[in-house]
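Colleague:
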Amino acid sequence: MDSSADTTIPVLQMQNFYFPALGILLCLLLHLYVYKAFLKGLATSRLFRSFWLVISLMNMVGCILYFIFMRSSIASQALYFLVSLSVGVVFCLFVVTVLYQLCSLGIIFMKVKKSRTKARFYLRRFMGVLALVFVIYAIINGTRYPQVHEISLRIQGLQDELKIVQLSDIHIGGLVESTHVRQIVASSNALEPDFVFLTGDIVDSQLQNVLGAVDELKNLSARYGVYYVLGNHEYFHDAKAIMQKLKSFGFVVLENDASKVRTQSGEIIIVGIRDLVGVREAFAHLDLKPNLKEALSKAKMLSSFLNPHPKSAYKESELKDSQIPIILLSHQPKIIDELNTLAFKQPQLLENLSLILSGHTHGGQIFPFSLLVLLQQPHIKGLFELTLGKSLKTWLYINQGTGYWGPPMRVGTESEITLIRLKS
4 MDSSADTTIP VLQMQNFYFP ALGILLCLLL HLYVYKAFLK GLATSRLFRS
54 FWLVISLMNM VGCILYFIFM RSSIASQALY FLVSLSVGVV FCLFVVTVLY
104 QLCSLGIIFM KVKKSRTKAR FYLRRFMGVL ALVFVIYAII NGTRYPQVHE
154 ISLRIQGLQD ELKIVQLSDI HIGGLVESTH VRQIVASSNA LEPDFVFLTG
204 DIVDSQLQNV LGAVDELKNL SARYGVYYVL GNHEYFHDAK AIMQKLKSFG
254 FVVLENDASK VRTQSGEIII VGIRDLVGVR EAFAHLDLKP NLKEALSKAK
304 MLSSFLNPHP KSAYKESELK DSQIPIILLS HQPKIIDELN TLAFKQPQLL
354 ENLSLILSGH THGGQIFPFS LLVLLQQPHI KGLFELTLGK SLKTWLYINQ
404 GTGYWGPPMR VGTESEITLI RLKS
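Each step along the sequence shown adds one to the number in my numbering, with nothing skipped, and position 178 is 181.
1) For I271, which residues in the same chain have their Cβ closer than 6 Å to its Cβ, ignoring the five residues on either side in sequence?
2) If you draw a straight line from the C-alpha of V213 to the C-alpha of H236, how long is it?
3) Out of R226, L135, L342 and L295, which one is the CA nearest neighbour of N91?
4) Can you tell me the Cα-Cα spacing of A316 and P350, whole angstroms?
5) Are the beta-carbon atoms belonging to F70 and I27 less than 8 Å from one another?
6) Indicate whether L257 and V232 have their beta-carbon atoms separated by less than 8 Å.
7) Just how far apart, CA to CA, sit D260 and H382?
8) Leaving out five residues on either side along the sequence, give the residues of the same chain with a beta carbon under 6 Å from the beta carbon of S190.
9) With the cut-off set at 8 Å, would you say L170 and W398 are in Cβ contact?
10) Please identify the residue among Q267, R147, V199 and I154 whose C-alpha is closest to the C-alpha of R424.
11) Counting only runs of 3+ residues fully inside the region 353–390, write out the beta strand (DSSP E) ranges in chain order.
12) Three or more C-beta pairs closer than 8 Å, one from the region 122–132 and one from the region 55–63: is that the case here?
13) What is the DSSP secondary structure of V151, counted as helix, strand or coil?
14) For G228, which of F198, K166 and L50 has the nearest alpha-carbon?
15) Taking the beta carbon of D5 as the centre, do at least 16 other beta carbons fall within 10 Å, making it buried, or is it exposed?
16) Using C-beta distances below 6 Å, list every residue in its chain close to L201, excluding the 5 sequence neighbours before and after it, in chain order.
17) Give the DSSP-derived three-state secondary structure of I329 in the structure shown.
18) Spell out a yes or no on whether the region 157–166 and the region 406–421 are touching, meaning 3 or more CB-CB pairs, one atom from each, closer than 8 Å.
See below:
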């Protein structure tokens with residue numbers, strides 16, 4: 004038996020314990036802060052103070068239940084919906100509380116005590132209304148059906164237009180069930196794409212718990228096929244079983260690999276890598292580490308005019324590249340850091356890299372959490388023109404997430420299905 008597997012599986016189990024524990028602790032601290040700094044001040048009597056205390060305690064219980072239910076399937080959809088909202092509500096209230104305290108700093112400088120008291124009274128009421136509007140808007144926007152975001156790009160090497168649909172971060176499991184997935188599939192098929200690219204975090208539950216919802220994906224239709232790469236969440240739910248299931252649908256699962264496809268617009272090379280989380284010790288037993296250089300090297304071989312032979316049969320310098328455009332699928336957009344390093348060391352591997360498609364960030368999901376995402380990722384959402392190395396130009400597009408993770412709430416972003424039109 005592999006001893007490394009014996010040691011790494013407990014590490015993963017510990018992570019599954021520590022994440023909910025830390026989540027509960029964080030929610031407890033947020034509730035204490037919000038109540039002491041904001042909600043308590045809204046009360047004009049002991050009765051109303053008790054009311055806000057009870058509301059805070061009920062919401063805290065909801066947060067605890069959410070972190071208990073998130074790794075299981077014992078909760079009903081309605082109950083899981085309510086408890087997941089609790090996490091979003093306390094975050095929204097935290098944002099409003101911080102804003103309230105910042106605004107309160109100006110009141111300190113008022114010389115007349117009566118004016119300060121009156122200003123605090125109206126500020127608290129205004130912030131109370133703002134908190135209510137913030138929460139309601141977040142729920143309405145978060146539960147909206149994914150919107151189609153269409154972009155057009157010009158890349159070299161194509162004869163006619165290619166239509167690509169990108170789906171990312173559906174997070175099947177929890178609140179995203181069969182009906183939701185069926186609607187996403189129907190919308191994708193209605194766009195009549197040439198390719199469908201699934202850029203990770205598609206399944207976020209143990210496979211046996213969501214087989215019905217996952218089976219809806221097999222109805223995805225694309226002229227030249229459906230391509231999939233791992234996201235970080237699949238690693239928590241037996242990534243290999245998930246990949247095997249998607250392969251049974253006829254999907255092309257790219258694991259540090261490349262695939263050349265002949266289309267009516269000419270040839271195109273699709274490269275996909277495993278998620279960057281695969282380098283962690285907790286997932287060593289899965290043997291699913293990302294390898295960008297390996298994947299791009301395979302693309303380099305596919306773009307050669309030479310007949311396919313073993314690599315040892317010729318030198319890399321002898322390869323003559325065609326202008327076949329390359330599309331890279333990477334769940335996390337911070338792969339561009341590694342691409343930039345590689346562009347300085349081996350720029351020939353990136354010469355025809357035309358487009359990078361990513362997800363992971365959810366667009367920040369609830370502003371201003373998006374500002375924290377920037378501490379870990381180079382960009383949050385949308386289209387960016389990049390310069391890699393000294394002069395290599397390419398495009399990066401970050402899907403905001405076709406589903407959502409955690410509370411079904413969004414502020415400053417929306418769920419999306421991306422339609423990309425590639426033109427020469």
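Cβ atoms here follow ideal geometry from the backbone N, Cα and C, with glycine treated the same way. Keep in mind the model is a prediction, meaning the values are calculated, not measured.
Modeller: Let me lay it out:
1) V264 and P328
2) 14 Å
3) In the sequence under discussion, the amino acid at residue 91 is Gly, which differs from the Asn named in the question. The shortest Cα separation from G91 among R226, L135, L342 and L295 belongs to L135.
4) For A316, the predicted structure reports a pLDDT of 42, less than 50, and the residue's modelled location is therefore unreliable. A value from the coordinates is still provided. Their Cα atoms are separated by approximately 23 Å.
5) yes
6) yes
7) 25 Å
8) I420
9) no
10) I154
11) 356–361
12) no
13) strand
14) F198
15) Low confidence applies here, because D5 scores a pLDDT of 46, under 50, leaving its location unreliable; read the following figure in that light. That one is exposed.
16) L170 and Y231
17) strand
18) no
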